[in-house]
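The numbering used here puts the first residue of the sequence shown at 7, with every later residue one more than the last.
Think of the CB as a built atom: it goes at the ideal place given N, C-alpha and C, for glycine as much as any other residue.
Predicted model only: the values in this text are computed from it and were never measured.
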Amino acid sequence: MTTLQSPPTFSGHETFALRGGWLKKAFDLLADYPDLFVRDDAFVRLGVGKNMAASIRFWGRVCGVFARDAEGNHQPTELGRALLADDGWDPYLVTPAARWLLHWYVAARPEAAFTWFYTFNLLRSGECSPAPLAAEIQAYVRERGGKVPSDATIKRDVECLLHTYAAPDARRLASGIEDALSCPLSSLGLLRHSPGQRSYYLASGSQPSVPDPLVAWATLAFVRERGQSTAAFNDLAYSPGSPGRVFRFDADGLLSRMLSLSDLTSGQLVYNDQAGIRQVYWSGGDGDALAATLLRRSFEDI
Numbered sequence: 007m008t009t010l011q012s013p014p015t016f017s018g019h020e021t022f023a024l025r026g027g028w029l030k031k032a033f034d035l036l037a038d039y040p041d042l043f044v045r046d047d048a049f050v051r052l053g054v055g056k057n058m059a060a061s062i063r064f065w066g067r068v069c070g071v072f073a074r075d076a077e078g079n080h081q082p083t084e085l086g087r088a089l090l091a092d093d094g095w096d097p098y099l100v101t102p103a104a105r106w107l108l109h110w111y112v113a114a115r116p117e118a119a120f121t122w123f124y125t126f127n128l129l130r131s132g133e134c135s136p137a138p139l140a141a142e143i144q145a146y147v148r149e150r151g152g153k154v155p156s157d158a159t160i161k162r163d164v165e166c167l168l169h170t171y172a173a174p175d176a177r178r179l180a181s182g183i184e185d186a187l188s189c190p191l192s193s194l195g196l197l198r199h200s201p202g203q204r205s206y207y208l209a210s211g212s213q214p215s216v217p218d219p220l221v222a223w224a225t226l227a228f229v230r231e232r233g234q235s236t237a238a239f240n241d242l243a244y245s246p247g248s249p250g251r252v253f254r255f256d257a258d259g260l261l262s263r264m265l266s267l268s269d270l271t272s273g274q275l276v277y278n279d280q281a282g283i284r285q286v287y288w289s290g291g292d293g294d295a296l297a298a299t300l301l302r303r304s305f306e307d308i
């Protein structure tokens, strides 16, 4: 049985799913007010309620665009500046590239938001019924000696996850409810409602809206995280934190992306299939530079 690498984090979102304009609004304000999220008037400056201000701070951090400094203030990260500046890649998160990238940051890292990580990486089946999912996460943490979230806390986490990814039904869209229109990650199609049931399921497929360079970037991140120069195809497809798991690729869809790695990276990442052994090889070198190039290219020609 694996142990928890760090104490799992629950809550912080105040039950609000990410909304489209939140990160840009906070990014702009942080330039003038680095102490924005510790100010009593943060909610006034952000133009939201107090709980929403706390939620914006949560989403900025788990999406990797804000980080807390030594003084307790928040600063945009390198990713935050590249994505959210006025001349950034996609300040308002309208492109699939931006939405898939933020999904990766939320779901691929257990230290960010554990309910999200568990759902996309460790869930035993594709079904996401709220009560069973909550109980499964509690059992997982308990078995590994972690601090088990209360029933109320894990219920709120699961509800927020569902609001983050589940596509709104036609009735909600027609009513004009703000949440139905403004959560960027709901457009990814990763969580779908089971017809005639009160449950959801994770949807896998070829995921054509994920840019090829972003898949290469995620593959590089996975290989580097493991501290090795190679990664087996099955690990890339099924291991926690892998492109296959986080982006919900089916095997054929992931394989088609692996075949383009060499061209995308000038041979620095190569997929091989020899004697039935399928793996990706990284030649080493400046991984940070390659990652930066792949991220930038993910937003070109879109």
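Candidates Tyr-244, Ala-257 and Ser-156: which alpha carbon is nearest Ser-212's? Out of Tyr-244, Ala-257 and Ser-156, Ala-257 has the C-alpha closest to the C-alpha of Ser-212.
Within its chain, find whatever has a CB closer than 6 Å to the CB of Arg-162; leave out the 5 residues flanking it on each side and keep chain order. Within the same chain, Thr-21 come within 6 Å of Arg-162 by CB-CB distance, once the 5 residues on both sides are set aside.
Contacting residues, own chain, Cβ-Cβ under 6 Å from Ala-114 (five flanking each side not counted): Same-chain partners within the cutoff: Gly-247 and Val-252.
Name the DSSP bridge partner or partners of Pro-82? According to DSSP, which records beta bridges pairwise, Pro-82 is partnered with Phe-72.
For Gly-250, which of helix, strand or coil comes out of DSSP? In this structure, Gly-250 counts as helix in the three-state DSSP scheme.
Does the pairing of the region 212 to 231 with the region 299 to 308 give three or more beta-carbon distances under 8 Å? Yes, since at least three Cβ pairs between the region 212 to 231 and the region 299 to 308 fall closer than 8 Å, the two stretches touch.
contact_flag[the region 223 to 242, the region 263 to 281] where n(CB pairs < 8 Å) is 3 or more: Judged by Cβ distances under 8 Å, the region 223 to 242 makes contact with the region 263 to 281, as three or more pairs qualify.
In whole angstroms, what is the alpha-carbon distance linking Ala-73 and Ala-48? Distance from the CA atom of Ala-73 to the CA atom of Ala-48, rounded to whole angstroms, is 17 Å.
Taking the Cβ atom as the reference point for each residue, do Gly-250 and Gln-274 lie within a distance shorter than 8 Å? No, the pair does not count as a contact, with Cβ atoms beyond the cut-off.
Give the range of the alpha helix (DSSP H) segment to which Gln-144 is assigned. It spans 136 to 149 - the alpha helix (DSSP H) in which Gln-144 sits, taken as one unbroken run.
Neighbourhood of Ala-23 by C-beta, 7 Å cutoff - its chain only, sequence neighbours within 5 removed: Excluding residues within five positions, the ones whose Cβ falls inside 7 Å are Cys-166, His-169, Thr-170, Asp-185 and Cys-189.
Between the C-alpha atoms of Asp-157 and Leu-296, what's the straight-line distance to the nearest angstrom? Straight across, the Cα-Cα distance linking Asp-157 with Leu-296 is about 43 Å.
Same chain, Cβ closer than 8 Å to Gly-53, neighbours up to 5 away in sequence not counted: Excluding residues up to 5 positions away in sequence, Lys-31 lie with their Cβ nearer than 8 Å to the Cβ of Gly-53 in the same chain.
So, Pro-14 versus Val-147, is the Cβ gap smaller than 8 Å? Going by C-beta atoms, Pro-14 is nearer than 8 Å to Val-147.
Please report the distance separating the alpha-carbon of Trp-288 from that of Ser-235. Rounded to whole angstroms, Trp-288 to Ser-235 spans 5 Å at the Cα level.
Could you tell me how far apart the beta carbons of Ala-173 and Ser-192 are, in whole angstroms, since I believe they sit closer than 8 Å? Indeed they touch by this definition, with Cβ atoms about 5 Å apart.
Three-state secondary structure (DSSP) at Phe-16? Note: Phe-16 maps to coil in three-state DSSP.
CA-CA distance, Gln-81 and Leu-36? About 7 Å.
With Leu-139 and Val-164 assumed to form a contact (beta carbons below 8 Å), what rounded beta-carbon distance in angstroms separates them? Contact annotation, Leu-139 with Val-164: C-beta distance approximately 5 Å; criterion of less than 8 Å satisfied.
Inter-residue spacing [alpha-carbon to alpha-carbon] between Arg-130 and Leu-208: Distance between the alpha carbons of Arg-130 and Leu-208 is about 11 Å.
Enumerate, from N- to C-terminal direction, the unbroken beta strand (DSSP E) stretches of 3 or more residues contained entirely within the region 230 to 306. Counting only runs of 3 or more, we get 236 to 238, 275 to 280 and 283 to 288.
Alpha carbon of Ser-268 to alpha carbon of Ala-137, nearest angstrom: If I take the Cα positions, the gap works out to 44 Å.
Kindly give me the distance between the Cβ atoms of Ser-262 and Ser-205, rounded to whole angstroms, as I take these residues to be in contact under 8 Å. Not confirmed; about 30 Å, so no contact.
Quick check on DSSP: helix, strand or coil for Leu-197? Three-state result, Leu-197: strand.
Are Cys-69 and Leu-108 close, meaning C-beta to C-beta below 8 Å? Yes, these two residues count as a Cβ contact at 8 Å.
Should Ser-12 go down as buried or exposed, given a rule of 16 or more other Cβ atoms within 10 Å for buried? Exposed, since its Cβ has fewer than 16 Cβ neighbours within 10 Å.
CA-CA distance, Glu-231 and Trp-110? Taking the straight line from one Cα to the other gives about 14 Å.
Looking at the structure shown, is Ala-172 part of a helix, part of a strand, or coil, going by DSSP? Ala-172: strand per DSSP, three-state reduction.
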